[in-house]
Amino acid sequence: MRRRWAFGLVLALGMPLASVAVSGAAPAGPDALRVDLDDILADARLRGAHAGVVVRDPATDEVLYSRQAADRATPASNAKLLTAAAALEVLGPEYRFRTEVVTNAPQLGPVLLGDLYLRGTGDPTLLATDYDRLAEQVAAAGIREVRGRLRTDDTWFDDVPLGTGWVWDDEPYYYAAPVSALTVAPNTDFDAGTVIVRVVPTVEGRPAQVSLDPPTRAVRIDNRTTTSAEGVADVSVLRDHGGSRVVVSGTIPAGAQPVEDFTTVLDPSAYAADVFARALAAHGVVVRGTGEGTAPGGARVLAERQSMPLRELLVPFMKLSNNGHAEVLVKAMGREVRGEGSWAAGLAVLTEQVRGLGVDPQVLRLVDGSGLSTMDSVTPEQLTVLLDNARERPWFPVFYDSLPVAGVADRMVGGTLRNRMGGTAAAGNVHAKTGSLTGVISLSGYVTAADGRELVFSVVFNDFLGSSPQDLQDAIAIRLAGYDGAADQPRGRVRVPRARVLQDDPATSVDESALECSWVKAC
């Protein structure tokens, strides 16, 4: 592999490559591209902000554009590029999470004379239906009564549920769900560690009906809703900080469609135990309560489930920017290589792996795998080196296909870019990872230029105020899609189509173009 290293792409005198132009001649080729990208980045919204941009031609190792390339910035969900690449290196595309039901207790006819253990390895894709299938296997083993407890063994990972630098008031929201080796996902986006709260109107003046999907006692609902005569639904779902009480408040008009929102759970393992115990009961298996415990060595397996392979999980992970998947993969890497399912171990492994992909660890700081922490720091230069070198790995097709695709409406193809750059040369062309936090947006990936060359790029904006300059990132990507090599000419300011406002998600009425799935459950 011809490995690209980039520990400084700035000219010796400190002048960025973007400022180079041909004196006395009309700009053409890369110079024309630089003129237009400079014009885009001259937008007033970026005054006083960090605007790091790098464009590379992997075929020639040429840097076509560079601005603040070596300046570290908060990547937001662009950190997932590093996590995904490292996971493919360490775990491999065929890696699967395994969940087992085991025991060392003797069985006397239909009676198990001891404890039953539910043992997990971090599978974020376990649905209530999967726990039902596990319960069916236990019942098929002839067990009808467990004269012991159902115990959860989540010791594959450590007991730290939340990442370093995650802000406390994000705790109730699904994008900051706690991480555990045993958990439940309520949907096929696999938002593990969360429950869907459904609010249905009743009659005017009465409380609305509130239910949970899946049903569980892992959270306690405090229903403060009112069914109104008319108007629009205005419902809030908020879990207490550090507690299991979820306050559901606000109004919903009589006759209106149900409102759904997410809440995280305090204890994912207890959530899994509750869902599994209900499934066992539905299959005629009685247990005497639930609790925690480490499965004994040599226990026999009564039921088991393997997750989809990593190559398939990467689609909801990257397309929908699922934070929980990133953190599970970090801890899984730590367990696989160092025998410790922790952020510290996993991030050490991640750093080792991306070094092998050309990334300089000296200019990288990651404290989580998702980019949710504002303590994360990377340079756009390093992101393009990673993207460049990833092209030569055997797992690259899996990595590439997992990235959101601009302007493609199918959410499992377009993902967080499905409402961006439609009707332009970038639509169906740009494959890139988005990122967003307060005052941070990022976009890094691949684009095929008009002359057929494949380019890698990274655009990271930090510390802007006011409205999001996301349209400037789109303008850059569109301009790259139209780049015509040596024949290229300045185009002037690129027109960026306005992103569509989603009308099919009752959870939000904001323009999803300014946010990604890490923040608004809309894509």
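Under mature numbering (1 follows the signal peptide of the UniProt record, and there is no 0), the letters of the sequence shown match residues -28 to -1, 1 to 495, in that order. Don't be surprised by glycine CBs; every beta carbon is placed ideally from N, CA and C.
TODO: Pull up the CB-CB distance for Arg217 and Arg192, whole angstroms please, since I reckon it's below 8 Å.
DONE: A Cβ-Cβ distance of about 5 Å is found for the pair Arg217 and Arg192, placing them in contact under the 8 Å criterion.
TODO: For Asp476, count neighbouring C-beta atoms within 10 Å of its own C-beta (all shown protein chains included) and say buried if the count is 16 or more, exposed if not.
DONE: Confidence in Asp476 is poor, its pLDDT being 29 and thus under 50, which makes the residue's placement unreliable; the coordinate value appears in the next sentence. Label assigned to Asp476: exposed.
TODO: Give the straight-line distance between the Cα atoms of Pro441 and Arg327, rounded to the nearest whole angstrom.
DONE: Taking the straight line joining both Cα atoms gives about 31 Å.
- [ ] Tell me Arg70's beta-bridge partners as DSSP assigns them.
- [x] Paired residue(s): Gln278.
Task: Spatially closest choice to Ala275 from Val466, Asp102 and Arg465, by CA coordinates - done: Per the Cα distances, Asp102.
Task: Assigned secondary structure, Asn195 (DSSP; H/G/I helix, E/B strand, else coil) - done: Strand at Asn195.
TODO: Following the continuous alpha helix (DSSP H) through Glu232, name the residue where it begins and the one where it ends.
DONE: In the DSSP annotation of this structure, Glu232 is not part of any alpha helix (DSSP H); the continuous beta strand (DSSP E) holding it starts and ends at Val231 to Thr236.
Task: Same chain, Cβ closer than 6 Å to Gln445, five either side skipped, listed in chain order - done: Around Gln445, the same chain offers Leu415 and Val431 as residues with beta carbons nearer than 6 Å, after the five sequence neighbours per side are excluded.
- [ ] Check each candidate in Val335, Trp367 and Ala253 and name the one with the smallest Cα separation from Glu108.
- [x] Nearest C-alpha to Glu108: Ala253.
TODO: Please confirm whether Leu84 and Arg119 have their CB atoms less than 9 Å apart.
DONE: Result yes, Cβ atoms of Leu84 and Arg119 sit closer than 9 Å.
Task: Residues sharing a beta bridge with Ala23, DSSP - done: Phe433.
TODO: Sort Ala459, His403, Gly92 and Ala23 by Cα distance to Gly265 and report the nearest one.
DONE: Nearest of Ala459, His403, Gly92 and Ala23 to Gly265, Cα basis: Gly92.
- [ ] Whole angstroms is fine: what's the gap from Leu98's alpha carbon to Pro288's?
- [x] Using only the alpha carbons, I get a separation of about 14 Å.
Open item on the list: Less than 9 Å between the beta carbons of Val207 and Thr199, yes or no?
Closed with: Taking 9 Å as the Cβ cut-off, Val207 and Thr199 do not qualify as a contacting pair.
Task: Residue range of the unbroken beta strand (DSSP E) whose run includes Arg211 - done: From DSSP, the beta strand (DSSP E) with Arg211 extends over Asp206 to Arg211.
Task: Leu18 in three-state terms, based on DSSP - done: Note: Leu18 maps to helix in three-state DSSP.
Open item on the list: Rounded to whole angstroms, what is the Cα-Cα separation between Ala422 and Val370?
Closed with: Their backbone Cα atoms lie some 25 Å apart in a straight line.
Open item on the list: Quick check on the DSSP output: the alpha helix (DSSP H) that includes Thr155 runs from which residue to which?
Closed with: Following the DSSP letters along the chain, one finds Thr155 in no alpha helix (DSSP H), marked with neither H nor E.
Task: Counted within 10 angstroms of its Cβ, other Cβ atoms place Arg39 as buried (16 or more) or exposed - done: It is buried - the Cβ of Arg39 has at least 16 other Cβ atoms within 10 Å.
TODO: Compare the beta carbon distance of Glu299 and Gly407 with 9 Å and say whether it is the shorter of the two.
DONE: By the CB criterion at 9 Å, Glu299 and Gly407 fall outside the cutoff.
Open item on the list: Rounded to the nearest angstrom, what separates Ala45 and Arg307 at their Cα positions?
Closed with: The straight-line gap from Cα to Cα measures roughly 29 Å.
Task: Counted within 10 angstroms of its Cβ, other Cβ atoms place Val26 as buried (16 or more) or exposed - done: With 16 or more other CB atoms across the displayed protein chains lying within 10 angstroms of its CB, Val26 is buried.
TODO: Hey, could you find the ends of the beta strand (DSSP E) Arg39 is sitting in?
DONE: For Arg39, the enclosing beta strand (DSSP E) covers residues Glu34 to Arg39.
Open item on the list: Cutting at 6 Å between CB atoms, please list the residues of its own chain near Ser104, excluding the five before and the five after it.
Closed with: Residue identity check: residue 104 is Asp in the sequence provided, not Ser. Correct list, in chain order: Ala251.
Task: CA-to-CA distance, Leu344 to Ala404, given in whole angstroms - done: For Ala404 and Leu344, the distance between alpha carbons rounds to 18 Å.
TODO: Can you give me the start and stop residues for the alpha helix (DSSP H) that Ser241 sits inside?
DONE: Where Ser241 is concerned, the enclosing alpha helix (DSSP H) stretches over Pro240 to Ala254.
TODO: Could you say if the stretch 381 to 400 and the stretch 320 to 338 meet the contact criterion of at least three C-beta pairs nearer than 8 Å?
DONE: With the cut-off at 8 Å, the stretch 381 to 400 and the stretch 320 to 338 do not touch.
- [ ] Would you check if the stretch 216 to 236 and the stretch 160 to 176 touch, i.e. whether three or more CB-CB distances between them fall below 8 Å?
- [x] With a cut-off of 8 Å, the stretch 216 to 236 and the stretch 160 to 176 count as touching, because enough Cβ pairs lie within range.
Open item on the list: Looking at the secondary structure, which residues open and close the alpha helix (DSSP H) in which Thr356 lies?
Closed with: According to the DSSP assignment, Thr356 belongs to the alpha helix (DSSP H) that extends over Pro352 to Ala362.
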